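What follows is one structure encoded as C-alpha cells, with my remarks underneath.
In this note's numbering, the protein residues as written are 94 to 270.
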C-alpha cells in the first residue's frame, strides 16, 4: 500500500473515531408489530474494548428484513470505535442479506493480512476498506471485528433471521469470531 493511501485510510479511521456514527443507544419502545429488536454486548478480553450494540429490524416491509436502526455505546481504541461507526453507516437501511454480505466481506478483509479483497467487495465495503492496514497486525484484528461480532449476535438475538452466515457458530457475549 502506498504511503499516500495509508494516510488516507488513517484519516478515515481517525475521522470516524472522533465523529462516530450511531453512538448512543437508541431506546427501544418495546416490541412493536413488524419489528424485531436485538442487543449484544461484546468485550475484547485482550485489550478491554467493549461495545453494546442494539438493532431495530423491520420485519414487515418485504421478503427480507431491513436493518432500520443500529445504535451502540462503547469504550476502546480508535480502531474498535471507528470500525463500529463505519459498520453503522454501512448497515443502517440495508436488508439482512446485504448486511450478511458486508459482515462476511469485512471478516475476509481482516483475515487478508493486508492484501485486500476483490474490487467488488472493496466497493461494497466503502470506508471499511480503510481497515486493510489493520489486517497486517493480528492483535488489532479483534479490535476491528468487535462491533461486527456484536452486530452478528444482535441480529441473531432479534430472531428476525437465521444466523448470519459464517463458518462458525453464532457468537455469544464476550466471544469474538
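The beta carbon of each residue, even a glycine, is placed where N, CA and C say it ideally should be. No experiment lies behind these values; they were computed from the predicted model shown.
Which residues in the same chain as residue i place their Cβ atom closer than 7 Å to its Cβ, once the five residues preceding and following it in sequence are excluded?
{"i": "residue 254", "result": "158, 189 and 248"}
{"i": "residue 210", "result": "198, 201 and 202"}
What does a CB cutoff of less than 8 Å around residue i pick up in its chain, not counting 5 residues either side in sequence?
{"i": "residue 194", "result": "217"}
{"i": "residue 206", "result": "228 and 229"}
{"i": "residue 171", "result": "106, 107 and 110"}
Kindly list the residues whose CB is nearer than 6 Å to the CB of residue i, restricted to its own chain and excluding five residues on each side of it in sequence; keep chain order.
{"i": "residue 222", "result": "215"}
{"i": "residue 169", "result": "142"}
{"i": "residue 173", "result": "142, 236 and 239"}
{"i": "residue 109", "result": "175, 178 and 179"}
{"i": "residue 150", "result": "129, 158, 160, 251 and 253"}
{"i": "residue 125", "result": "none"}
{"i": "residue 213", "result": "none"}
{"i": "residue 115", "result": "163, 164, 165 and 181"}
Is it right to say residue i is buried, meaning 16 or more other beta carbons lie within 10 angstroms of its own, or is it exposed?
{"i": "residue 244", "result": "buried"}
{"i": "residue 119", "result": "exposed"}
{"i": "residue 233", "result": "buried"}
{"i": "residue 154", "result": "exposed"}
{"i": "residue 117", "result": "exposed"}
{"i": "residue 225", "result": "buried"}
{"i": "residue 131", "result": "buried"}
Can you tell me where the alpha helix (DSSP H) with residue i in it begins and where it stops?
{"i": "residue 191", "result": "189-203"}
{"i": "residue 235", "result": "231-251"}
{"i": "residue 181", "result": "171-184"}
{"i": "residue 210", "result": "Unbroken run through residue 210: none, as it is neither H nor E."}
Take residue i as the anchor and find which of the options has the nearest alpha-carbon.
{"i": "residue 250", "options": "107, 111, 128 and 99", "result": "128"}
{"i": "residue 164", "options": "209, 208 and 182", "result": "182"}
{"i": "residue 166", "options": "103, 156, 202 and 136", "result": "136"}
{"i": "residue 148", "options": "156, 226 and 186", "result": "186"}
{"i": "residue 146", "options": "121, 99, 224 and 100", "result": "121"}
{"i": "residue 184", "options": "212, 219 and 152", "result": "219"}
{"i": "residue 231", "options": "99, 139, 113 and 100", "result": "139"}
Span of the beta strand (DSSP E) holding residue i?
{"i": "residue 161", "result": "159-168"}
Counting contacts by CB-CB distance shorter than 8 Å, is residue i in contact with chain B?
{"i": "residue 185", "result": "The structure shown has no chain B; it contains just one protein chain."}
Should residue i be counted as a contact of the ligand FMN given a C-beta to heavy atom distance under 7 Å?
{"i": "residue 176", "result": "As presented, the structure is devoid of all ligands, the ligand FMN included, so that no description of it is given."}
Within the stretch 125-150, ranges of the beta strand (DSSP E) (whole runs, at least 3 residues): 128-136
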